[in-house]
Amino acid sequence: MAPPNPPYAAGTSYTPESASFAAKKPSVPPTFDGVDYDDTKAFKAAQDSIIREQWVRSMMARLVRDELGKCYYKEGVNHLEKCGVLRERYMELLGESKIKGYLYDQHYYSKK
16 MAPPNPPYAA GTSYTPESAS FAAKKPSVPP TFDGVDYDDT KAFKAAQDSI
66 IREQWVRSMM ARLVRDELGK CYYKEGVNHL EKCGVLRERY MELLGESKIK
116 GYLYDQHYYS KK
C-alpha cells in the first residue's frame with residue numbers, strides 16, 4: 016500500500032512565501048556554468064545557490080527518513096510489505112543527500 020497523497024499540490028506549501036523569503040531565494044541555477052569569476056556578486060550567488068540546493072536534497076532525505084521511521088513503527092512486522100515505497104525513495108535520496116560544498120566544482124570547473 017502506497018503512502019497517502021499529501022493534501023496539497025506538488026510545488027506548493029501550506030503557507031504562502033513572504034516577500035523577504037522570496038527575495039532571498041537564489042535567482043541563478045546551482046552551477047558555475049556561465050559565471051564570471053571576476054564578478055563577485057554573481058560568483059557568490061552561484062555558491063549560495065549550490066549550497067541551498069544541497070541542503071534541500073539533504074532535508075528531503077531527512078523528511079523521507081522520518082516518514083519511513085513512522086511507517087516502520089506503525090506497521091510493525093509488516094514493514095517490509097507496507098513501507099517499500101518509502102524505503103526505495105529513501106535509498107534513492109541517500110546517495111545524493113550529502114552536503115559536499117562548492118569548492119570542488121569551483122576549482123575544477125571545465126567549460127564544455
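Per our numbering: the sequence shown = residues 16 to 127.
Where is the CB? At the ideal position from N, CA and C, for every residue including glycine.
Since the structure is predicted, the reported quantities are computational estimates derived from the model, not experimental observations.
Which of the three DSSP states is assigned to Glu103 in this structure?
Three-state result, Glu103: helix.
Ser33 to His94, Cα distance in whole Å?
Computed Cα separation, rounded: 40 Å.
Go through the stretch 59-112 residue by residue and report every complete run of the alpha helix (DSSP H) that reaches 4 residues or more, in order.
Counting only runs that start and end inside the stretch 59-112, the alpha helix (DSSP H) elements of at least 4 residues fall at 94-97 and 99-109.
How many Å lie between Tyr88 and Glu107 at the Cα?
A straight line joining the alpha-carbon of Tyr88 with that of Glu107 spans about 21 Å.
I'd like to know whether the C-beta atoms of Arg72 and Glu111 end up nearer to each other than 8 Å.
Yes, the Cβ-Cβ distance between Arg72 and Glu111 is below 8 Å.
Distance check for Gly116 and Lys40, CA to CA, integer angstroms please.
Between Lys40 and Gly116, the alpha-carbon positions lie close to 18 Å from each other.
Buried or exposed, going by whether 16 or more other CB atoms sit within 10 Å of the CB of Val50?
Under this definition Val50 is a buried residue.
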